[in-house]
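**Q** Would you mind keeping the following structure in view while I ask a few things?
Protein chains: 2
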Amino acid sequence: MRILLVEDELDMASALNDALSKHNIVIDHVASIADAREAVHGRSYDAILLDRQLPDGEGLRLIPELRADNIDSPIIVLTAHNDHEGRIRGLDLGADDYMGKPFVVEELIARLRAVLRRPTLLSPDIIRVGRLAFDVAHMEPSLDGKQLLLPRRELLVLAALMKRSGRTVIREALVNAVYSFDVEIQSNSLDAHVSRLRKKLAGLNAGAAIHTIRGIGYLLKASE
Amino acid sequence: MRILLVEDELDMASALNDALSKHNIVIDHVASIADAREAVHGRSYDAILLDRQLPDGEGLRLIPELRADNIDSPIIVLTAHNDHEGRIRGLDLGADDYMGKPFVVEELIARLRAVLRRPTLLSPDIIRVGRLAFDVAHMEPSLDGKQLLLPRRELLVLAALMKRSGRTVIREALVNAVYSFDVEIQSNSLDAHVSRLRKKLAGLNAGAAIHTIRGIGYLLKASE
DNA sequence: ATTCGCGCAATGTTTCTGCAATGTTGGAAT
DNA sequence: ATTCCAACATTGCAGAAACATTGCGCGAAT
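One line per chain: the protein sequences are A and B, in this order. Here this note's numbering is used: the first sequence runs in plain steps of one and ends on residue 225. Here this note's numbering is used: the second sequence runs in plain steps of one and ends on residue 225.
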């Protein structure tokens, strides 16, 4: 359980840190909108606690921005501005709950638990080809619903081919998908991985096969 | 949009009825727990507004009853008992929000909108894998109903794995769940925690095991 | 003062993977 | 049709990652 605390008063921040730590919640603390923006970039939080008065502006501004970025973590606004207009505005901007300071920490935690009971369910992104399926978010291939274990490079090859299944994947694109920039290959390693993967798919009777498009690249499609 | 109002004070009820009607919300009004029980039976509501003091008892009692019946509608508790112990109790019984009377109707509507934005599903309070159980809200693992004591880091690892049990948890996601960004790890500490946790699970015969997905992450699933 | 958890690192183990040697194939040019 | 060559396929292998395990010492909590 990891949450982001956006709060510029250090006393408040450290008090919350102590209290939430006792509940085995990991906190990332930032003190400005700019830092918050950076913190959510890439990482995903179970929840976000947001102060309104921040050195670089009104905290509420951040909410629509995050929602526009598809960041669906529950947001609880914490603030000394505890009038109902503020609460209504915060909630309507996309916050999930709103607490006026001062508050009892236990209540904050209870409200956290309440918003966390409602799961932020992300629609699973699953590609199917033949009897193969690939869960993109979890990088998990499966065959007839049973998880398929593959070495990393073969997995990356399969992922790239499945994401563009039925279309030819240009050799160069495949190299980019499988190798990061800092690793350079100086031989036919890619071909070797394709070969091994192809053999496995055939052996497993996966109902999908890798075709070679000579001079261009590879293509995955259902057999028959 | 149709909501159930459980409230015995008629003034309050009719005031709410008027206010919500203006927002095209249809209200079914009942004045007792017994009637509420009957009303939810068969019909499904977008939300439930629940008073605490009712002629046939304490309104909060109804919440776990509804949840046990798989009625997942958001519940907002409205009450004159507006102390924080009551709020905590209400929320922990399964309410989604809690408002003290008197309140501004517009705020109630904003809070209604907020809870209606969230997914309608409830994630189970307790996740089970093998003989292991994990109370997500309280971050408490148990084995055969007996509480399991784990060091913080191992607990966080277990929490992350159980929340996504049966699915691969990408290594980086696991690091994110366990470490806040001010403590950066420079070695194989995560592996060490996984190793120790794995050993404990095996020693306790927990009926669940951590599998390694080489190059990707870890996966918790029931053994056999 | 003592215990416990943690990060770290040294060491051992397993599994991958890049490479290269060698075999195969498709099609362009004659 | 035949030849020839570049592109691709296959496979063993040794070095390299990735991971597992365990002990240690520091520091926080009790």
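Ideal placement from N, C-alpha and C gives every residue a C-beta, glycine not left out.
(1) Around the Cβ of PRO65 of chain B, are there at least 16 other Cβ atoms within 10 angstroms (buried) or fewer (exposed)?
(2) Listing by chain order, which chain A residues have their CB less than 7 Å from the CB of ASP97 of chain B?
(3) Taking buried to mean at least 16 other C-beta atoms within 10 Å of its own C-beta, is ILE214 of chain A buried or exposed?
(4) In terms of alpha-carbon separation, which member of B:ARG119, B:MET140 and B:LEU162 lies closest to ILE76 of chain B?
(5) Interface residues of chain A around VAL105 of chain B at Cβ under 7 Å?
(6) Please compile the residues from chain A whose C-beta is within a distance smaller than 9 Å of the C-beta of PHE182 of chain B.
(7) What does DSSP give as the partner residues of PRO142 of chain A in its beta bridges?
(8) Do you know whose CA, among B:MET163, B:LEU50 and B:ASN177, lies nearest THR198 of chain B's CA?
(9) Counting only beta-carbon atoms, is MET13 of chain A nearer than 9 Å to chain B?
(10) Against chain A, with Cβ distances strictly below 9 Å, would MET140 of chain B count as a contact?
(11) Could you list which residues in chain B have their beta carbon closer than 7 Å to that of MET100 of chain A, in chain order?
(12) Does any CB atom of chain A fall closer than 9 Å to the CB of ILE217 of chain B?
(13) Assuming contact is defined by CB atoms lying nearer than 9 Å, are SER74 of chain B and ALA115 of chain B in contact in what I supplied?
(14) Answer with yes or no whether the minimum CB distance from ALA223 of chain B to chain A is below 9 Å.
(15) Quick one: any contact between the segment 119-136 of chain B and the segment 143-162 of chain A, if contact means 3 or more CB pairs under 8 Å?
(16) Looking at the strands, I want to know which residues DSSP matches up with HIS82 of chain A.
(17) Quick one: what does DSSP say ILE76 of chain B is sitting in, helix, strand or coil?
(18) Less than 8 Å between C-beta atoms, sequence neighbours within five positions excluded: which residues of the same chain meet that for ALA1 of chain B?
(19) Determine, using beta carbons only, whether ILE26 of chain A and VAL7 of chain A come nearer to each other than 9 Å.
(20) Rounded to a whole number of angstroms, what is the C-alpha to C-alpha distance between ARG53 of chain B and GLU173 of chain B?
(21) To the nearest angstrom, report how far apart ILE217 of chain A and ARG153 of chain A are at their CA atoms.
(22) What in chain A is Cβ-close to ILE171 of chain B, meaning under 8 Å?
(23) Answer yes or no: does any C-beta atom of chain A fall closer than 9 Å to that of ARG62 of chain B?
(24) Are the beta-carbon atoms of TYR219 of chain A and VAL184 of chain A separated by less than 9 Å?
(25) Given this structure, state the Cα-to-Cα distance separating SER15 of chain B from LYS23 of chain B, to the nearest angstrom.
(26) Determine whether the Cβ of SER166 of chain B lies closer than 9 Å to any Cβ atom of chain A.
(27) How would you label GLY91 of chain B, buried or exposed, when you count the other beta carbons within 10 angstroms and need 16 or more for buried?
(28) Under 8 Å Cβ to Cβ from ASP57 of chain B, same chain only, skipping five residues before and after it: list those, please.
**A** Walking through what the data contain:
(1) On the second sequence, position 64 is the one that residue 65 of chain B refers to. It counts as exposed.
(2) Working through the second sequence from its first residue, we reach residue 97 of chain B at position 96. The answer, in chain order, is ALA115.
(3) Here the question's residue 214 of chain A lines up with position 213 in the first sequence. ILE214 of chain A is exposed by the Cβ-count criterion.
(4) Your numbering for residue 76 of chain B matches position 75 in the second sequence. The shortest C-alpha separation from ILE76 of chain B is found at B:ARG119.
(5) The residue you call residue 105 of chain B lines up with position 104 of the second sequence. HIS85, listed in chain order.
(6) Counted from its first residue, the second sequence places residue 182 of chain B at position 181. Correct list: ASP29, ALA40 and ARG44.
(7) Numbered from its first residue, the first sequence carries residue 142 of chain A at position 141. Partner(s): A:PHE135.
(8) Within the second sequence, residue 198 of chain B is the residue found at index 197, counting from 1. A quick correction: the sequence has Leu, not Thr, at residue 198 of chain B. When each option's Cα is compared against that of LEU198 of chain B, the closest is B:MET163.
(9) Start at 1 with the first residue of the first sequence, and residue 13 of chain A comes out as number 12. So no, MET13 of chain A is outside the interface.
(10) For the purposes of this step, residue 140 of chain B is identified with residue 139 of the second sequence, where counting begins at 1. Interface residue, yes.
(11) Indexing the first sequence from 1 puts residue 100 of chain A at position 99. Simply none; closest approach about 10 Å.
(12) Here residue 217 of chain B is taken as the residue at index 216 of the second sequence, counted from 1. Answer yes: the Cβ-Cβ gap between ILE217 of chain B and chain A drops below 9 Å somewhere.
(13) The residue you call residue 74 of chain B lines up with position 73 of the second sequence. The residue you call residue 115 of chain B lines up with position 114 of the second sequence. Not a contact, by the Cβ cut-off of 9 Å.
(14) Within the second sequence, the letter at position 222 stands for residue 223 of chain B. So no, ALA223 of chain B is outside the interface.
(15) no
(16) The residue labelled residue 82 of chain A in the question sits at position 81 within the first sequence. According to DSSP, which records beta bridges pairwise, HIS82 of chain A is partnered with nothing at all.
(17) The sequence position of residue 76 of chain B within the second sequence is 75, counting from 1. If DSSP states are grouped into helix, strand and coil, ILE76 of chain B belongs with the strands.
(18) For residue 1 of chain B there is no data in the structure shown, the boundaries of chain B being 2 and 225.
(19) On the first sequence, residue 26 of chain A is found 25 positions in, with the first residue counted as 1. On the first sequence, residue 7 of chain A is found 6 positions in, with the first residue counted as 1. No.
(20) If you number the second sequence from 1, residue 53 of chain B lands on position 52. If you number the second sequence from 1, residue 173 of chain B lands on position 172. Answer to the nearest angstrom: the Cα atoms are 45 Å apart.
(21) Position 216 of the first sequence, counted from the start, is the residue given in the question as residue 217 of chain A. Position 152 of the first sequence, counted from the start, is the residue given in the question as residue 153 of chain A. The alpha-carbon atoms of ILE217 of chain A and ARG153 of chain A are separated by roughly 24 Å.
(22) Working through the second sequence from its first residue, we reach residue 171 of chain B at position 170. The answer, in chain order, is HIS139 and MET140.
(23) Numbered from its first residue, the second sequence carries residue 62 of chain B at position 61. No, ARG62 of chain B does not count as interfacial toward chain A.
(24) In the first sequence, counting from the first residue as 1, residue 219 of chain A sits at position 218. In the first sequence, counting from the first residue as 1, residue 184 of chain A sits at position 183. No, the Cβ-Cβ distance between TYR219 of chain A and VAL184 of chain A is not below 9 Å.
(25) On the second sequence, residue 15 of chain B is found 14 positions in, with the first residue counted as 1. On the second sequence, residue 23 of chain B is found 22 positions in, with the first residue counted as 1. Spanning the two alpha carbons is a distance of roughly 13 Å.
(26) Locating residue 166 of chain B in the second sequence gives position 165, counting from the first residue. No, no contact with chain A.
(27) Taking the second sequence and counting its residues from 1, one reaches residue 91 of chain B at position 90. Buried: at least 16 other Cβ atoms inside 10 Å.
(28) Looking up residue 57 of chain B in the second sequence gives position 56. Counting only Cβ-Cβ distances below 8 Å, and skipping sequence neighbours, we find SER33, ILE34 and ALA35.
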